[in-house]
Amino acid sequence: MSIPQIPERGEADYSILNLYNRLLSHFGPQGWWPGETEFEIMIGAILTQNTSWRNVEKAISALKRNNLLNPEALSRISVNELSTLIHSSGFFRIKAERLSCFVKYLMERYKGDVGRMRKMDTDTLRKELLKVKGIGPETADSILLYALNRPVFVVDSYTRRVFSRHNYFYKRERYEKIQEFFIKNLPKDPRIYNEYHALIVRLGKTYCRKRPLCKECPLNEYL
DNA sequence: CACCAGGCAAGTA
DNA sequence: TACTTGCATGGT
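Every position in the first sequence, counted from 1, becomes a number in our numbering once 3 is added.
(1) Any idea if residue 144 is buried or exposed, counting beta-carbon neighbours within 10 angstroms, 16 or more meaning buried?
(2) Helix, strand or coil for residue 123, going by three-state DSSP, please let me know.
(3) My output table needs one value for residue 166: the three-state DSSP class, helix, strand or coil.
(4) If I'm right that residue 201 touches residue 35 with Cβ under 8 Å, what's the distance once you round it to whole angstroms?
(5) Measure the CB-CB distance between residue 110 and residue 160 and report whether it falls below 7 Å.
(6) Does DSSP put residue 56 in a helix, a strand or coil?
(7) Compute the distance between the beta-carbons of residue 85 and residue 99, then report whether it is under 7 Å.
(8) For residue 82 and residue 158, what's the separation of their Cα atoms in angstroms?
(9) For residue 209 and residue 181, which I take to be in contact (beta-carbon distance under 8 Å), what is that distance rounded to the nearest angstrom?
(10) Report the start-end ranges of each alpha helix (DSSP H) in the region 130 to 210 that is 4 residues or longer and not cut off at the edges.
(11) Using alpha carbons as the reference points, say which of 207, 21, 42 lies closest to residue 105.
(12) Tell me where the alpha helix (DSSP H) around residue 71 begins and ends.
(13) Tell me whether residue 94 sits in a helix, a strand or coil according to DSSP, three-state version.
(14) Does the distance from the CB of residue 93 to the CB of residue 54 come in under 7 Å?
(15) Taking DSSP as the reference, what is the three-state secondary structure of residue 63?
(16) Rounded to whole angstroms, what's the CA-CA distance from residue 131 to residue 188? Just pull it up for me.
(17) From residue 1 to residue 199, what does the alpha carbon distance come to, in whole angstroms?
(18) Mind reading off the beta-carbon distance from residue 91 to residue 62? Whole number of angstroms is fine, and I expect it under 8 Å.
(19) When the Cα of residue 206 is compared with those of 31, 18, 17, which residue comes out closest?
(20) Please report the distance separating the alpha-carbon of residue 21 from that of residue 155.
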């Protein structure tokens, strides 16, 4: 039975909670997720799949202009018409189909009422969301965390890239294992998960695009 | 010109 | 199970 060592003064603190604090100090709060309603955030989560947020904003604006950013209205228009409206977000045919599937799920399961959906427990909701065609683990977790404020950590490609490069885990570790790693080592607080994921995305975009470990990466001085 | 962005499903070996 | 590919616009 070994006694855990306390880091000496000046020695790096490897805990991911400490990294969170440092990233927050470095970049400041990221303000995720922009959106006026829970439903808007859910739609945004599907539209932003492998797509820059800038392009998604235009699509959401188009939906708003046409008063279509609610389950009832979206369930009535054709998939073809929808694809035209969200054109700017890319993959527009596939995403129109995915939005349609999600709205259909909302209507049939919760009568299009997010308030009813909100009453369900997180595990049940996650399983339901994953059954909807077009919603994978990251999108499901984004909906749970950012729309419904559940304590679910979102793992994305930046999380994989950055933390595997710093040897926190194998670069192709399973999604759920990576998620478990963060949840086990952080306070179970959706506000922390919210900000941390956004900070990781910010870090990845800014410093970890091409080189395996770039010199400018602020994590280098901590790790 | 190339490359990538707040992924997922379907196909192949 | 572990890769690979199609999907598509818009910015750098």
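Where a beta carbon is used, it is the ideal one built from N, C-alpha and C, also for glycine.
Put simply:
(1) Mapped onto the first sequence, residue 144 falls at position 141. It counts as buried.
(2) Numbered from its first residue, the first sequence carries residue 123 at position 120. Residue state, collapsed to three classes: coil.
(3) The residue given as residue 166 occupies position 163 in the first sequence. Looking at residue 166 - three-state DSSP - the assignment turns out to be helix.
(4) Reading the first sequence from its first residue, position 198 is the one you call residue 201. Reading the first sequence from its first residue, position 32 is the one you call residue 35. Yes, residue 201 and residue 35 are in contact; Cβ-Cβ is about 4 Å, under 8 Å.
(5) Counting from 1 along the first sequence, the entry for residue 110 is found at position 107. Counting from 1 along the first sequence, the entry for residue 160 is found at position 157. In this structure, the beta-carbon distance from residue 110 to residue 160 does not fall below 7 Å.
(6) Against the first sequence, residue 56 aligns to sequence position 53. Three-state result, residue 56: helix.
(7) Against the first sequence, residue 85 aligns to sequence position 82. Against the first sequence, residue 99 aligns to sequence position 96. In contact: residue 85 and residue 99 (Cβ atoms closer than 7 Å).
(8) Residue mapping note: residue 82 aligns to position 79 of the first sequence, counting from 1. Residue mapping note: residue 158 aligns to position 155 of the first sequence, counting from 1. A direct Cα-Cα distance of roughly 29 Å separates residue 82 from residue 158.
(9) Looking up residue 209 in the first sequence gives position 206. Looking up residue 181 in the first sequence gives position 178. About 21 Å separates the beta carbon of residue 209 from that of residue 181, a gap too long to meet the 8 Å contact definition.
(10) You should have 140 to 145, 160 to 168, 178 to 187, 193 to 210.
(11) As a first step, residue 105 must be located in the first sequence, where it is residue number 102. In terms of CA proximity to residue 105, 42 leads the group 207, 21, 42.
(12) Locating residue 71 in the first sequence gives position 68, counting from the first residue. Looking at the DSSP string, residue 71 is not in any alpha helix (DSSP H), and its letter there is neither H nor E.
(13) As a first step, residue 94 is located in the first sequence; it is residue number 91 there, counting from the start. In the displayed model, residue 94 falls within coil according to three-state DSSP, outside both helix and strand.
(14) Along the first sequence, one-based indexing puts residue 93 at 90. Along the first sequence, one-based indexing puts residue 54 at 51. Yes; because the gap between Cβ atoms is below 7 Å, this pair is in contact.
(15) Position 60 of the first sequence holds residue 63. Residue 63 carries a helical assignment under DSSP once its states are collapsed to helix, strand and coil.
(16) If you number the first sequence from 1, residue 131 lands on position 128. If you number the first sequence from 1, residue 188 lands on position 185. The C-alpha of residue 188 is placed about 27 Å away from the C-alpha of residue 131.
(17) Coverage of the chain is limited to positions 4 through 226, which leaves residue 1 absent and any answer about it impossible.
(18) For the purposes of this step, residue 91 is taken as residue 88 along the first sequence, with counting starting at 1. For the purposes of this step, residue 62 is taken as residue 59 along the first sequence, with counting starting at 1. Rounded to whole angstroms, the Cβ separation of residue 91 and residue 62 is 5 Å, and the two are in contact under 8 Å.
(19) For the purposes of this step, residue 206 is identified with residue 203 of the first sequence, where counting begins at 1. Among 31, 18, 17, the Cα nearest to that of residue 206 belongs to 31.
(20) What you label residue 21 is simply residue 18 of the first sequence in a count that begins at 1. What you label residue 155 is simply residue 152 of the first sequence in a count that begins at 1. Approximately 19 Å, taken between the alpha carbons.
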